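J.: Read left to right, the sequence shown gives residues 5 to 128 (our numbering).
Note that CB positions come from ideal geometry on N, CA and C, so glycine has one too.
Just so we're clear, the structure is a prediction, and the values are computed from it rather than from any experiment.
One structure coming up, written as structure tokens, with questions to follow.
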Amino acid sequence: MAYVLLIEPDKLLADVCSQFLVSAGHKVIWRQTAEQGINALDEQKINIVILEIQLAVHNGIEFLYEMRSYSEWLDIPVIAHTHASRIPEFDNALKQLNVIKWLYKPQTSLELLAKTVDVTLKNI
């Protein structure tokens, strides 16, 4: 069982994703904002983060810079699960911030999300 931090502002989508990931054997900690996500990392040992890039107040990129500023969180893999289109200019920054995969929500099934989590966890 892995501890998955899901940072998703949409409660309904978070509920659906959480239920699916729980049924796949994971423990899901859901947070709506970047600030809540940082607090969750501080409170619980997290194995992987699923992150919506488009967050209110502090966006997902700001969250990543904050997260990666702490040495104990440098190796936690991050999957971007977002409505944002991939922007080629951000590719190098995302690699440096250890974003393992960019999943575009409208084209990503729950099965693919869970499989990406499982494959990522097996490879760390």
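Below 8 Å CB to CB, which residues in the same chain sit around S117 once its five sequence neighbours on both sides are set aside?
T.: The sequence position of residue 117 within the sequence shown is 113, counting from 1. Here residue 117 turns out to be Leu, not Ser, going by the sequence shown. When the five nearest sequence neighbours on each side are left out, the beta carbons in the same chain lying within less than 8 Å of the beta carbon of L117 are those of C21, F24, L25, I54, I83, H85 and L107, in order along the chain.
J.: Is L16 closer than 8 Å to V32 when the C-beta atoms are compared?
T.: As a working note, residue 32 is residue 28 in the sequence shown. As a working note, residue 16 is residue 12 in the sequence shown. Cβ atoms of V32 and L16: not closer than 8 Å.
J.: With the cut-off set at 8 Å, would you say E12 and E70 are in Cβ contact?
T.: One-based indexing of the sequence shown puts residue 12 at position 8. One-based indexing of the sequence shown puts residue 70 at position 66. No, the Cβ-Cβ distance between E12 and E70 is not below 8 Å.
J.: Buried or exposed: where does G41 fall if 16 or more other Cβ atoms within 10 Å of its Cβ makes it buried?
T.: For this step, residue 41 is matched to residue 37 along the sequence shown. Answer is buried; the Cβ neighbour count reaches 16.
J.: Hey, quick one: how far does the beta strand (DSSP E) through T86 stretch, first residue to last?
T.: Position 82 of the sequence shown, counted from the first residue, corresponds to residue 86. Start and end: V82 to T86.
J.: Looking at the strands, I want to know which residues DSSP matches up with L55.
T.: Translated into positions along the sequence shown, residue 55 becomes position 51. Looking at the DSSP assignment, L55 forms a beta bridge with I11 and A84.
J.: Please classify P170: is it buried, with 16 or more other beta-carbons within 10 angstroms of its beta-carbon, or exposed?
T.: Summary: the structure shown does not reach residue 170, with the chain confined to residues 5 through 128, and so no result is reported for it.
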